[in-house]
Structures are given as structure tokens and as C-alpha cells.
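Chains as they are written, first to last, in the working numbering: chain A, 1411 to 1778; chain B, 633 to 716. In what follows, a single structure is set out as C-alpha cells and then discussed.
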Amino acid sequence: YGVTLPGWKKTKLTYRIVNYTPDMSKEDVDKAIQKALKVWSTVTPLIFTRIHVGIADIMIAFGTKAHGHCPRYFDGPLGVLAHAFPPGNGFGGDAHFDEDEDWTTGSAGFNLFLVAAHEFGHALGLSHSNDQRALMFPNYAYVNPSEFPLSPDDISAIQSIYGSRPNAPDKRPATPTSPKTCDSQISFDAVTTLRREVIFLKGRHLWRVYPDNSEVELELISTFWPTLPPGIQAAYENPKDQILFFKGNKFWVISGYQVLLGYPKNISTLGFPKGVKKIDAVVCNKNTGKTDFFIGDKYWRYDENSQSIETGYPRRTADDFPGISQRVDAVFQHKGFFYFFHGSKQREFNPTARKVIREMKSNSWFNC
Amino acid sequence: NGLPAQPEKYNNEEDVKLVQDYLNKFYTVEPDPNQLGWRKNAESTAEKLQKMQQFFGLKVTGKLDSETLEIMKKPRCGVPDVGL
């Protein structure tokens, strides 16, 4: 990434939409602009307020060819779509859009939300990135507007100027918001290995457990993966050193600490029928390269090599995992054994002997 | 500032003009937009071309090739790729 310092010396910024494009309704333009600013306020302390008259920090206008006193000109359809100026007085922070383009809310023409989010990056002090996955890459690339458009490169860039969003919960006293690690009734939404760690997820938090040296760290999920939603319902580590997170009918793939581009995707892309609305729990058996997805009282087996669901599934969980008869909240594999979580209890299962070895508290890994 | 390129391929006026415009717009250090200053054109076209090829991860030859031309034809942001 690149920055044009020093950026704005304040975090409360005003913006004004000076005129509109005839390509879209005014409401759609307002929404696109507001959503594009929200992209940046989500990951920084910046606050944007709209004004309707006078000079705003960020003046937003549509024009063609030589427009107003702007030192840069537009070039007709295609080519240059828009431009913006780094923070400062006069033109500083302003964003101009070429009216000779076809502005839309979708994938046709040029998506105003996406282009505006890029231009506002400039208006906040970013220059172009040569990371092709970055929103600040110079060339236009359409991505589904329902996905969060910032790449880790973009987030590092903007936070190098303004810092990260103050995590309100950190300001509040830890007790009411952070879950109690040693609460004997604690249950988990999802559990997965991550290389030598085991990650327990619940709401907006996660615990990182190092089974080998019994260390436990409680963190916010957003600290590691700002674009992952809270309330992840299932997660597992696949043989390609990636972590897949599931919520509802969507899933994200993390490689290292980066959310891969193009996610979230629908779980139907893994081969699940439309009727499957969510995943309760999932684990990949490192010894067989097969991944078991638990949904209600059944499970589906997915072959990581062929990247497809095996025929003959779903099967009843209790038939193949005797003793695991209740709905599975979460499951992970450690040293060959599976650990099935249901409410405040977990069961250690030996897949070779196909039997439950013992039952423990769900938080037995936290050395309470 | 003749355009360095394989002579046989990129003779057509349009491409030559497109490349010149592109390099002038995005690979020429721009003065502060609030001071209507003169543009420095210190670098040669080949040097600007090399910078552009480097930025986009292309083979850095300073000579125009089809891949470089293709990137130049893509719709993009009007902010220069080199510092203001």
C-alpha cells in the first residue's frame, strides 16, 4: 500500500454530495456514498457527517472532461472513471466521478459504491496499492457489493494513518462483555485447530489454547479477522493449512491470517443441497483427509481430495459415532481423538475403537 | 521521447497516443493540486514505462508489449500511481 501523509488531523469529517448522476436514483447515489464511507469508518476511528450546503472536507461531484477548476480532466467513456485528492484544503479530500461513465448499483457499467470506496481511500490519504486484491489497486474490478471490499493491505494502510476502530468493549469494564473463561456452564459455538493451537469461538470472542503448554488467551474475533462476523457456528482446519468458518449458509476461508478473496461463499458450493441452511459443527480427520459436517442428528462426509461430498450421505451420527446422540455444537480432533461438544459437556471419542472414552467439562482445556 | 517498442507491432497512432497519455497521466509526478504549478517531465518515456511495468508486476523492459498495452486499456482511477 502507499500513503500520502499526514492525512486528516481530525477524525470527524464532513462530506457533501454536490450533484447527482442521471444514471441512478438520488436515493441509490446517497446509499452508495454512505456505504462507501462506512467501509473506512468500520476499521478506523473516523466519523463521517453529511452536510448539504457550504464546504465539506470531502466534496463529491460528477463532471465530464475539464470540470470546474479541477487540474485533472476526464476522458469520456471508459479510461479514467474517477479521481480524488489527498487530505488538505481546497481540492484536498474531494472526489470527482466521470459522468461519461455508466454508474450503477450492480455489476453492469461501473458500480458507484466500489469506485467511491476506492476514491474515498485517496480522500483519506491512501495512494495506489500494487496488491491486485486491494481495493486501492488502480484498475477497476467488480466484486459482489455484499462482500466487505477491503483487503488486509487496505486495512493496514488506513490504520497506519488513523489507527484501528476503538473497540468499545475494551473501554467498558471487562466483566459484563467478556465471557467468563472458567464458568462451569460455558458452551461454545465452534472449535477448530489452527496449526498447534486450538481455537474456541463464542459470540464475538475466541480463546487460543496451546494444549502443549496449557496457555490460554482470550481475544476478540475482530482482532484477527475484522471482516468475519460474530457468532460463527462451525469451523475446521483443512489439509491445506486453511481454516474454514461457517455461519448460516455462508463460509469464509482464512489462509494464515488473511480472509481469501471472493468469500463468503454459499455452502451449496461445497455440494450441500439448498435445504441445508447451516452447519452445526465440522471436523477434518487428519488421518483420512475426510471432513465430517454435523447437522442436527445427521452428518455428511466431504472428501478433501476430490473436493466433493461422498455418496451415501447424510447418515445418522449415532450410527457411526456411538454415544454421540445429541446435536453437536462443536468438534475438533487432537492427537487422533475427536472431542464432541454439547452445551457445557464434551465427549472424547476414539474413532478407531468407535467409542466414547470419557466425558469432561467443555472448558477443561482452559486449566481452570 | 520516442516510444520504445517492437517497431512492427505498435505503429498504430491510437496505441502510441494511448501509451503517451497513460504515462503522462499516471507516471508523471503531479504537483500539489492546490498550486497550479508546471509539470516536471524529467523522466524519459522508457523510464516511466519501466515504472509502470514494475508497479503492475509485468516484465520490466521499458519496451511496450501486448501485456503492458492490455493493462493500459483497463478502466481505472485517475489518481497517479507515483507520488503526488
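Glycine included, each C-beta is placed from N, C-alpha and C at the ideal position.
By the C-beta density criterion, A:K1612 is buried, having at least 16 other C-beta atoms within 10 angstroms.
In the three-state scheme derived from DSSP, where H, G and I count as helix and E and B as strand, A:H1528 is classed as helix. Per DSSP, the unbroken beta strand (DSSP E) holding A:Y1646 starts and ends at A1644 to E1647.
Residue-level contact by beta carbon fails for B:D647 and chain A, as no gap is shorter than 8 Å.
Boundaries of the beta strand (DSSP E) around A:F1742: A1740 to H1744. Using beta-carbon distances, B:G694 does not count as an interface residue toward chain A, since no partner is under 8 Å. In this structure, the straight-line span from the alpha carbon of A:F1558 to that of A:I1565 is close to 11 Å. Assigned with DSSP and collapsed to three states, B:Y659 falls in coil, not helix or strand. A:Y1552 is outside the set of residues whose beta carbon lies under 8 Å from a beta carbon in chain B.
Contact with chain B is absent for A:E1509, since none of that chain's Cβ atoms lies less than 8 Å from the residue's Cβ.
Take A:N1540, set aside five residues on each side of it, and the residues of its chain with a beta-carbon closer than 8 Å to its own are F1547, in chain order.
Rounded to the nearest angstrom, the Cβ distance from A:D1651 to A:D1690 is 24 Å, too far for a contact under 8 Å. Apart from sequence neighbours up to five positions away, the residues of its chain that approach B:E679 with a beta-carbon distance below 8 Å are G694, ordered along the chain. Counting C-beta atoms within 10 angstroms of its own C-beta, A:L1616 has 16 or more neighbours from the protein chains shown and is therefore classed as buried. The Cβ of B:V651 sits no closer than 8 Å to any Cβ of chain A. Here the alpha carbon of A:N1429 sits roughly 26 Å from the alpha carbon of B:K657. Distance check between A:K1420 and each of A:F1507, A:A1442 and A:I1457 places A:I1457 closest, using alpha-carbon atoms only. A buried status is given to A:I1631, since no fewer than 16 other beta-carbon atoms sit within 10 Å of its beta-carbon. Closer than 8 Å to the CB of A:P1497 there is not a single CB belonging to chain B. For B:K683, none of the residues of chain A pass the 9 Å Cβ criterion, the least Cβ distance being about 11 Å.
With three or more CB-CB distances shorter than 8 Å, the stretch 1682–1701 of chain A counts as touching the stretch 1731–1748 of chain A. In the three-state DSSP reduction, A:T1602 falls in the strand class (E or B). Of the residues assessed, A:I1470 falls on the buried side of the cut-off, its CB having 16 or more other CB atoms within 10 angstroms.
Under the three-state reduction of DSSP output, A:I1689 falls in the coil class, being neither helix nor strand. Within the stretch 1452–1499 of chain A, the complete beta strand (DSSP E) runs of at least 3 residues fall at 1457–1460, 1468–1473 and 1490–1494. If you ignore the 5 residues before and after A:F1610, its C-beta comes within less than 6 Å of the C-beta of F1598, V1601 and W1617, all in its own chain and listed in chain order. Taking CB atoms only, B:D697 has no neighbour in chain A less than 8 Å away. Inclusion of A:V1669 and A:S1570 in the CB contact set at 8 Å is not warranted, their separation being larger than that value.
In the displayed model, B:L681 falls within a helix according to three-state DSSP. Remark: C-beta atoms of A:A1492 and A:D1508 approach each other more closely than 8 Å.
Residue state for A:D1508 is assigned as strand, using DSSP reduced to three classes. For the C-beta of A:R1482, the chain B residues within less than 7 Å are, from N- to C-terminus, G710. Using a Cβ-Cβ distance cut-off of 8 Å, the stretch 1429–1439 of chain A and the stretch 1457–1468 of chain A are not in contact, since fewer than three pairs of beta carbons, one from each stretch, lie closer than that value.
Chain B places a beta carbon closer than 8 Å to that of A:F1520, counting this residue as a contact. Secondary structure at A:I1664: strand, using DSSP grouped into helix, strand and coil.
A residue is called buried when at least 16 other Cβ atoms come within 10 angstroms of its Cβ; B:S698 does not meet this threshold and is exposed.
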